[in-house]
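Everything on this sheet refers to the single structure shown next.
There are 2 protein chains.
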Amino acid sequence: MTEMPPEPRYDVIAIGNAIVDVMAPCRDELIEELGLNRGGMTLVDAARAEELYAAMGPAREISGGSAANTLAGMAMLGAECAFIGQVADDQLGAVFQHDIRAVGIDYDTPARAGDPPTARCLIFVTPDGERTMNTFLGASQFLPPAALDDAVIASAGILYLEGYLWDPEEPRRAMRRAIEVAREAGRKVAFTASESFVIDRHGADFRALMNEGQIDILFVNEHELASLTGENDFETGVARVSAKVPVLVATRSARGAIAIAHGERAEVAAEPVARVVDTTGAGDLFAAGFLTGYARGEGLERCLRMGAICAAEIIGHYGARPEADLAALVEEKLG
Amino acid sequence: MTEMPPEPRYDVIAIGNAIVDVMAPCRDELIEELGLNRGGMTLVDAARAEELYAAMGPAREISGGSAANTLAGMAMLGAECAFIGQVADDQLGAVFQHDIRAVGIDYDTPARAGDPPTARCLIFVTPDGERTMNTFLGASQFLPPAALDDAVIASAGILYLEGYLWDPEEPRRAMRRAIEVAREAGRKVAFTASESFVIDRHGADFRALMNEGQIDILFVNEHELASLTGENDFETGVARVSAKVPVLVATRSARGAIAIAHGERAEVAAEPVARVVDTTGAGDLFAAGFLTGYARGEGLERCLRMGAICAAEIIGHYGARPEADLAALVEEKLG
Numbered sequence: 008m009t010e011m012p013p014e015p016r017y018d019v020i021a022i023g024n025a026i027v028d029v030m031a032p033c034r035d036e037l038i039e040e041l042g043l044n045r046g047g048m049t050l051v052d053a054a055r056a057e058e059l060y061a062a063m064g065p066a067r068e069i070s071g072g073s074a075a076n077t078l079a080g081m082a083m084l085g086a087e088c089a090f091i092g093q094v095a096d097d098q099l100g101a102v103f104q105h106d107i108r109a110v111g112i113d114y115d116t117p118a119r120a121g122d123p124p125t126a127r128c129l130i131f132v133t134p135d136g137e138r139t140m141n142t143f144l145g146a147s148q149f150l151p152p153a154a155l156d157d158a159v160i161a162s163a164g165i166l167y168l169e170g171y172l173w174d175p176e177e178p179r180r181a182m183r184r185a186i187e188v189a190r191e192a193g194r195k196v197a198f199t200a201s202e203s204f205v206i207d208r209h210g211a212d213f214r215a216l217m218n219e220g221q222i223d224i225l226f227v228n229e230h231e232l233a234s235l236t237g238e239n240d241f242e243t244g245v246a247r248v249s250a251k252v253p254v255l256v257a258t259r260s261a262r263g264a265i266a267i268a269h270g271e272r273a274e275v276a277a278e279p280v281a282r283v284v285d286t287t288g289a290g291d292l293f294a295a296g297f298l299t300g301y302a303r304g305e306g307l308e309r310c311l312r313m314g315a316i317c318a319a320e321i322i323g324h325y326g327a328r329p330e331a332d333l334a335a336l337v338e339e340k341l342g
Numbered sequence: 008m009t010e011m012p013p014e015p016r017y018d019v020i021a022i023g024n025a026i027v028d029v030m031a032p033c034r035d036e037l038i039e040e041l042g043l044n045r046g047g048m049t050l051v052d053a054a055r056a057e058e059l060y061a062a063m064g065p066a067r068e069i070s071g072g073s074a075a076n077t078l079a080g081m082a083m084l085g086a087e088c089a090f091i092g093q094v095a096d097d098q099l100g101a102v103f104q105h106d107i108r109a110v111g112i113d114y115d116t117p118a119r120a121g122d123p124p125t126a127r128c129l130i131f132v133t134p135d136g137e138r139t140m141n142t143f144l145g146a147s148q149f150l151p152p153a154a155l156d157d158a159v160i161a162s163a164g165i166l167y168l169e170g171y172l173w174d175p176e177e178p179r180r181a182m183r184r185a186i187e188v189a190r191e192a193g194r195k196v197a198f199t200a201s202e203s204f205v206i207d208r209h210g211a212d213f214r215a216l217m218n219e220g221q222i223d224i225l226f227v228n229e230h231e232l233a234s235l236t237g238e239n240d241f242e243t244g245v246a247r248v249s250a251k252v253p254v255l256v257a258t259r260s261a262r263g264a265i266a267i268a269h270g271e272r273a274e275v276a277a278e279p280v281a282r283v284v285d286t287t288g289a290g291d292l293f294a295a296g297f298l299t300g301y302a303r304g305e306g307l308e309r310c311l312r313m314g315a316i317c318a319a320e321i322i323g324h325y326g327a328r329p330e331a332d333l334a335a336l337v338e339e340k341l342g
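These protein sequences, in sequence, are chains A and B. Sequential numbering of the first sequence, starting at 8, is according to this note's numbering. Sequential numbering of the second sequence, starting at 8, is according to this note's numbering.
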């Protein structure tokens with residue numbers, strides 16, 4: 008592409024899992040009793056989901072899904088957003104649809120009839136605020152390439168892809184096609200690695216995409232960075248990946264985050280939080296803040312600060328959808 | 008009855024609406040724009056529920072229902088509880104079932120097949136923490152008398168009835184029968200008036216029940232007391248009703264509550280709250296604290312204090328199901 012692409016209609020379009028989170032606090036001991044992967048995300052089948060739900064305390068349902076959470080944050084920060092993801096034609100699907108549209112995100116993927124039901128993520132939150140996620144993917148894994156409207160994808164400045172969704176086959180094909188469409192249209196492709204296990208299973212794909220220059224912006228945490236590079240040393244891993252992707256954002260939980268963009272490096276400390284209630288969505292909202300700043304052409308450090316502010320908001324309460332007015336928070340802290 | 012009834016298996020059995028709350032913060036102006044009854048509970052049909060949901064911001068789903076909320080509080084305080092209420096055989100019904108059983112309440116009412124779906128209450132929470140409720144009763148209003156097991160009702164020390172459920176015909180018949188069964192077994196009948204509109208429509212029934220000595224414990228707020236007696240003066244209303252019911256508990260929001268039991272009077276101030284986030288369930292949890300104390304044979308003032316502590320917990324966060332350990336809270340404050 009040598010021509011400039013036309014002014015984007017959306018700042019970002021994301022493809023991700025369409026999930027409702029089912030969250031409850033739990034004793035530390037329960038994580039062991041149930042044999043859960045503390046702090047991680049585990050895919051579960053319907054029977055295991057039933058078993059875990061039965062063992063869970065009284066819960067609340069809040070829409071989730073990694074990329075959808077990121078978009079909700081971006082929309083609250085004023086970005087124009089569209090989402091693609093598969094729900095079933097059931098009550099939880101209606102909840103997901105409502106919540107994502109209610110923040111002003113365009114979301115038109117038709118609900119899928121019949122089984123399986125809408126995806127849910129059973130989230131056990133221990134007293135330290137750590138979330139342990141168990142995802143029943145349900146309808147979410149049947150997102151067909153046909154659900155993608157090329158013209159809409161081409162009309163977004165950034166295509167944002169969720170690594171979790173790389174695992175099931177149908178959505179992976181859909182995402183590969185979306186990458187082609189976006190690149191053809193001269194748009195940026197952003198990717199969040201999501202979880203080490205995804206990289207363990209599909210690292211070759213991700214490395215190939217990076218080597219081919221298909222990824223413009225990559226979000227990883229330090230564990231994912233290590234999985235991706237096979238390097239336990241953080242800085243070595245950063246150097247390795249930043250040679251391949253124009254913009255790398257690496258988060259380190261309480262130790263803040265760094266970004267390297269076209270050779271420039273910036274770092275930010277974690278934003279102080281009065282009490283860590285529930286870490287669900289911290290990475291998703293970090294990406295929301297960063298990407299909104301990036302889409303607006305803000306400086307790298309400000310993008311990181313926006314990410315840190317959004318992440319701090321989300322871990323101060325239950326659920327991975329923002330409760331506070333993120334735009335006002337950013338304005339208050341950064342002016 | 009002159010014989011002593013056998014030791015109860017349950018401290019309380021409640022009959023109430025089986026509802027999932029759908030809650031979202033909202034601007035003050037939206038209440039007027041949508042023509043809502045600010046601070047009240049309004050019954051809505053399916054079409055109006057759709058319309059209001061579409062106008063609502065991103066929401067969260069938390070099990071609710073007045074009597075069910077009260078039981079959840081009582082169970083957390085250590086009471087043995089059973090619940091009767093009608094859900095549909097759908098995802099929100101499964102959510103309600105899960106949440107009530109997860110606090111240790113026995114709940115065996117079979118889910119109802121087909122339409123209508125499980126009840127939901129669309130709750131708009133204004134910045135002052137006031138909740139404006141719009142209830143689509145769905146399956147809840149089809150609780151059949153056949154769902155009542157006489158032996159189970161007779162095995163509970165207290166039968167607790169929710170005024171809201173007096174409105175639809177089938178549950179009203181079920182509740183009338185439950186009162187007969189409980190009285191025949193020498194048990195107490197407790198009743199919460201729920202809302203002025205219920206009294207406006209069914210005040211004659213309630214007054215008849217009181218006059219016949221069918222109600223042992225009555226929970227009202229000051230508005231309901233005024234509707235019930237036609238007396239705007241609080242003390243006059245209290246005197247009028249307490250002549251008819253052995254135990255009267257009258258709550259006055261921020262002005263605390265009073266109880267008159269067998270001629271003895273006690274008062275309590277409202278418990279301080281750092282920030283009123285959402286008043287949904289304040290009355291329900293007041294009843295939970297009071298009734299748990301009463302079932303244990305605590306003194307009247309302590310029962311009121313337990314009510315005030317539980318009410319303060321619930322209004323400090325979203326949702327009408329307790330988040331803190333209520334038993335620990337009561338222990339901490341009252342020893």
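Just so it is clear, CB atoms sit at the ideal spot from N, CA and C, and this is done for glycine as well. On a predicted model such as this, the values are computed, not experimentally measured, just so you know.
| Asked | Found |
| --- | --- |
| Range of the contiguous beta strand (DSSP E) that encloses M48 (chain A) | M48 to L50 |
| Own chain residues within Cβ distance below 7 angstroms of L6 (chain A), not counting five before or after | Nothing about residue 6 (chain A) can be reported from this structure: the residues present for chain A run from 8 to 342 only. |
| Buried versus exposed, by CB contacts within 10 Å (16 or more), A264 (chain A) | buried |
| Segment contact, 8 angstroms Cβ cut-off, at least three pairs: the stretch 165–177 of chain B with the stretch 192–204 of chain B | yes |
| Reduced DSSP secondary structure (H/G/I, E/B, other) of I321 (chain A) | helix |
| Buried versus exposed call for R328 (chain B) [16 or more other C-beta atoms within 10 Å across all chains shown] | buried |
| CB of L144 (chain B) within 7 angstroms of CB of V29 (chain B), strictly | no |
| C-alpha distance - R34 (chain B) paired with D115 (chain B), whole-angstrom precision | 39 angstroms |
| Whole-Å CB distance - T139 (chain A) paired with N44 (chain A), under 8 angstroms assumed | 7 angstroms |
| Rounded C-alpha distance that separates G296 (chain A) from E36 (chain B) | 29 angstroms |
| In chain order, each beta strand (DSSP E) run of at least 3 residues that lies wholly inside the stretch 32–70 of chain B | 48–50 and 67–70 |
| Residue environment, N239 (chain B), which counts as buried when at least 16 other CB atoms sit within 10 Å | exposed |
| Length at least 3, wholly inside the stretch 189–236 of chain A: the beta strand (DSSP E) runs in chain order | 195–199 and 224–228 |
| Continuous alpha helix (DSSP H) stretch holding F241 (chain B): start and end | F241 to S249 |
| Positions along the stretch 84–112 of chain A whose CB lies within less than 7 angstroms of some CB in chain B | D97, Q98, L99, V102, H105, D106, A109 and V110 |
| G304 (chain A) burial status per 10 Å Cβ neighbour count (16 or more: buried) | exposed |
| Contact list for the stretch 321–338 of chain A against chain B, Cβ threshold 7 angstroms | G326 and R328 |
| A95 (chain A) and P117 (chain A) closer than 7 angstroms at C-beta | no |
| Strand pairing of Y3 (chain B), partner residues [DSSP] | Residue 3 (chain B) cannot be examined here, being either before or after the span of chain B that is shown, 8 to 342. |
| Members of the stretch 69–82 of chain A near chain B, C-beta cut-off 9 angstroms | I69, S70 and A79 |
| Where V337 (chain A) sits in the DSSP three-state scheme | helix |
| Sequence-distant residues of the same chain with beta carbon closer than 8 angstroms to I206 (chain B), five excluded per side | G170, A200, F213, E231, S234 and L235 |
| CB-CB length for A62 (chain B) against L41 (chain B), believed under 8 angstroms | 6 angstroms |
| Beta carbon proximity, P178 (chain A) to chain B, threshold 7 angstroms | no |
| Secondary structure of D113 (chain B), DSSP reduced to three states | strand |
| Residues of its chain near V245 (chain A), where Cβ-Cβ distance is below 8 angstroms and the 5 sequence neighbours each way are ignored | L232, L255, A257, I265 and I267 |
| Neighbourhood of L3 (chain B) by C-beta distance below 7 angstroms, restricted to the same chain and skipping five residues each side | Not covered by the structure: residue 3 (chain B). The range shown for chain B is 8 to 342. |
| Enclosing beta strand (DSSP E) for T258 (chain B) [first to last residue] | V254 to T258 |
| For A25 (chain B), the three-state DSSP class (helix, strand or coil) | coil |
| Within 7 angstroms, strictly: CB atoms of A146 (chain A) and Q93 (chain A) | yes |
| Under 7 angstroms between C-beta atoms of A289 (chain B) and A277 (chain B) | no |
| Rounded straight-line distance, which links the Cα of G64 (chain B) to that of A109 (chain A) | 5 angstroms |
| Cutoff 8 angstroms; reference L155 (chain A); Cβ partners in own chain excluding five residues on either side | I22, I91, A181, R184, A185 and V188 |
| Inter-residue spacing [alpha-carbon to alpha-carbon] between P12 (chain B) and A318 (chain B) | 32 angstroms |
| Contacting residues, own chain, Cβ-Cβ under 7 angstroms from F149 (chain B) (five flanking each side not counted) | Q93, R119 and E177 |
| Assigned secondary structure, T142 (chain A) (DSSP; H/G/I helix, E/B strand, else coil) | strand |
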